[in-house]
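Numbered as in my numbering, the sequence shown ends at 1482 without a single skipped number.
Input: a single structure, listed below in structure tokens.
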Amino acid sequence: MQKAIYINITGKVQGVGFRPFVFNLAKRLGLKGDVWNDSAGVSIRLLMPCDWENFLKSLQSELPPLAKIETIQTMEVPWEGQQPSDFTIKFSQKGEEATDIVADAATCPQCLAEMKDPNNRRYRYPFINCTHCGPRFTIIKEMPYDRPATSMAKFKLCEACAREYHDPTDRRFHAQPVACPECGPAISGIFSPHTNLHTTLKGEKALQQAIKALKLGQIIALKGLGGFHLACLATEDAPIQLLRERKHRPSKPFAVMLPHSDWLSQICADHINLKHATEVLSSTISPITLLEQSATSPLSSLIAPDLHEVGLMLPANPLQTLLLEGVDAPLVMTSGNASGHAPALSNEEALASLSDIADFFLFHNREIVERADDSVLRFDKRGTTEILRRGRGLAPDSFALPQGFPTDQTILAIGGDLKNSFALLHRGRIFTSPHFGDLNQPDVFAQWQKMLEKFPKLYHAKPEILAYDAHPAYLSHQWAQRQKIPALPIYHHHAHLAACLGENHVPLKTEKKFIGLTLDGLGYGKEGNIWGGECFLANYLSFEWLGGLPPVPLLGGDLAAKEPWRNLLAQFNEFVPDWEKYAEANPIKKYPYSVLLKAAKSGINAPLASSCGRLFEAIACALSIAPEKQSYEGEAACCLEAFASAPTNNVHPLKIPLKGNQLDLETFWQNFLDWNAPKAAKAWGFHDALAKGFADLAKHFAEIYQSEIVVLSGGCLHNRLLKERLQHHLAPLKLLIPSQLPAGDGGIAFGQALIALAQTTAS
Ligand SMILES: [Zn+2]
Ligand SMILES: [Zn+2]
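Take a look at the structure:
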């Protein structure tokens, strides 16, 4: 019997054009054999003798853009069955047995070139796509991923498209959303009801009207891949002011879409590596990338008030490309939702919720089945990526379990209430959902619940265990307790740390000890404590609280997260005996603060919390740079970071010494109030002193427990200055820092899943 080489490949190899790629490569190299999808990836057999090592080399270097290989195993086997005379793709009877779901991908260079070619049949067609690009997750109704199971089902392929779809040598072979002007989706446009213009425009006319409206300074709503966007000119103040008023969004930064990457050199600060920025922006993810602006940036200052960074992106779908080309100027491109609501997905929802905001609507008739907001990330000087939000292009995603975890369990980890995303642990992998946001918004909660039911079905999974946040007031917590499957409560900060251990591939069983620092807003801790600036000894299975910030009352309960002055009052009342004499107390004095203090004394509506986030808000307020009311989470802290400027040689008198296992804020405040220095230097000094204080705490316990590794997590790690100072002061200890998962609450579901699996394995 003749021999064969059997090759098994795992990773993102299904639904990304991998088999036709293998087919064409094998043909080119004159190899005989076959390729098929299996439950774990893709399998290939090559008839021996052949130069299979050369085949593998080409396979890895010429990979299709959306494919990613995790493992390759090879084995010599006898060739079973009839000897092949050629290379073939084997299809299973049940259609595509895809096990992984691919995220939507930005338009590929070939499709862009075709769209710009007047001789191409898809010239200026806003839905051009191929195996390497276009919608995926957002059009899937059920698995297996096949056209009838997507929102493309209603568009019957024309002859020309069908030919491409069935030809393994074509770029559109089995591309489910394949379409053309003859047979595919189309755009239309209407004026907002408040304009009293009742014409409906079709195709190119609708697009031209949208371009005209934008150039006139109007606001348009346009349908994208994973939801609607609101757009207006980004280089002029008036349209942005109008958008802010109509959207009731006074200061939260807007993302900006650029017509092309040439704009980066005008907008970005000198030190930005433009080559790297261009690569990131034009990747298949096409994310919003946070970049520092130059002083001469042509963008309106109303886009990101008081901040240095601005979120930039390039067109992610063909319709956006055509629109931006037509306007030929940067556009604000923000999520198409009314204040306090989820982004609109259907034309009807958009009309109902955005008519007071948009002047013109650019619709299309391909249904958005699932929501996917734009992903957000940034990179540091070394080029290391920090993902802040996983949406279009990055979700769903899947991660292999770290070593030592069993692979036979199915766990649904539902995340927390804020910045929610969830995770499904199944067949030894963790599949992460897109970002949902704040579950306290009823329509977000409804979208989330629907997706929680659908997501496991897409992966043919039946959750055996739910993992959820231990906070009893969380809606997600209450939802989990209503379900009929066993549910495990997971402490918030333990989940943060486990997520970071997991993304850094720390095995389940290890001799190593980990000191964890979790710095964030609030999380429910052991014995009902509200934590947010803590030091732990932690692994997947357990975590032990070691110390952290001293707790102070949240004056007015939830209001403390909205109004920074309440946190300054709490700090002063706790740590500064004669605080009323300082100028820094002025922002407090216009409020009836003594009533609050009295209430706190009697324990009314003033739960204790050791929150790092609230401390940032107090400092911002003391320096008079905090808003009276925060209009978005973390606003005061973002302003404080942007405002900070290093004193000469980084020298300052601020210290937060250790007092037992706590940071001594009494000493800090005395230093802070006595130091006569520019506010920007004080803002910087605070970041540095806080980082030094936490670093000293971590080092203290690292010595006691003979640990050499510190795990950092929590939303405050999105503060670049704080992170940089922590890295500085924690040297020479080894650090584990979130990068692929958000350091904030968007990453905790991943940690919940790992902890739940560790606990069920141990018991
Ligand atoms: Zn393409
Ligand atoms: Zn067609």
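C-beta: ideal position from N, C-alpha, C; glycine also.
Within 10 angstroms of its Cβ, does residue i collect 16 or more other Cβ (buried), or is it exposed?
| i | result |
| --- | --- |
| H1083 | buried |
| A929 | buried |
| G1123 | exposed |
| G1251 | buried |
| M720 | exposed |
| G814 | Because the pLDDT of G814 is 46, which lies under 50, any placement of that residue in the model is unreliable, and the question is left without a value. |
| A881 | exposed |
| L935 | exposed |
| P969 | exposed |
| T869 | buried |
| N1438 | buried |
| L1278 | exposed |
| E1068 | buried |
| Q1459 | buried |
| D1127 | exposed |
| S758 | exposed |
| P912 | exposed |
Any beta-carbon of chain D closer than 8 angstroms to the one on residue i?
| i | result |
| --- | --- |
| S1020 | Going by chain labels, chain D is absent from the structure shown, which holds only one protein chain. |
With distances taken between CB atoms, is the gap from residue i to residue j smaller than 8 angstroms?
| i | j | result |
| --- | --- | --- |
| G1404 | H1371 | yes |
| I1004 | L920 | no |
| L1033 | L1000 | yes |
| I991 | V1095 | no |
| N1159 | D1136 | yes |
| T857 | L941 | no |
| T850 | H893 | yes |
| L1009 | C1219 | no |
| H1211 | H1196 | no |
| I724 | E799 | no |
| L1021 | I959 | yes |
| D1407 | N1369 | yes |
| A1325 | L1274 | yes |
| G760 | V735 | no |
| I763 | G752 | yes |
| L1260 | Q1478 | yes |
| L1327 | I1249 | yes |
For residue i, which three-state DSSP category applies?
| i | result |
| --- | --- |
| W1284 | helix |
| V735 | coil |
| H1447 | helix |
| W798 | coil |
| I1204 | coil |
| N773 | helix |
| V1271 | strand |
| Y1193 | coil |
| D753 | strand |
| E1122 | Per the sequence shown, the amino acid found at residue 1122 is Gln instead of Glu. Correct three-state label for Q1122: coil. |
| W1394 | coil |
| K1169 | helix |
| K875 | coil |
| I728 | strand |
| G853 | strand |
| I1317 | The amino acid at residue 1317 is misidentified as Ile; the sequence shows Lys. In the structure shown, K1317 sits in a helix (DSSP, three-state: H, G or I). |
| E1105 | strand |
| C1331 | helix |
Nearest by alpha-carbon distance to residue i: which of the options is it?
| i | options | result |
| --- | --- | --- |
| V1295 | D1383, E1360 and A1399 | D1383 |
| L1064 | K1309, A988 and L949 | L949 |
| N727 | I788, P1269 and K994 | I788 |
| L1334 | E1385, I763 and R1097 | E1385 |
| A1355 | L1260, V1314 and P1283 | P1283 |
| E1352 | A1280, H1419 and Q1478 | A1280 |
| E1230 | N1139, P887 and N1258 | N1258 |
| G1267 | E1011, F1420 and K1401 | F1420 |
| A824 | T914, P1115 and R1085 | P1115 |
Segment contact, 8 angstroms Cβ cut-off, at least three pairs: the stretch 849-869 with the stretch 1171-1178: yes
Do three or more CB pairs link the stretch 769-778 to the stretch 738-749 at distances below 8 angstroms? As far as the Cβ criterion goes, the stretch 769-778 touches the stretch 738-749, which means the pair count is three or higher.
Flag this pair as touching only if the stretch 1220-1239 and the stretch 1461-1481 have three or more C-beta atom pairs under 8 angstroms; answer yes or no. yes
Determine contact between the stretch 898-908 and the stretch 839-851, defined as no fewer than three beta-carbon pairs at a distance below 8 angstroms. yes
Any contact between the stretch 1062-1077 and the stretch 975-986? By contact I mean 3 or more CB pairs, one from each, below 8 angstroms. no
For the stretch 1044-1051 against the stretch 1140-1155, are there 3 or more C-beta pairs whose distance is under 8 angstroms? no
Assess, as a yes-or-no matter, whether the stretch 1097-1115 is touched by the stretch 1198-1210 under the definition of 3 or more beta carbon pairs within less than 8 angstroms. no
What does the shell around ligand 4 hold, if a residue joins when its beta-carbon is under 5 angstroms from any heavy atom? Judged by which ligands are present, ligand 4 is missing from the structure shown, whose ligands are ligand 1 and ligand 2.
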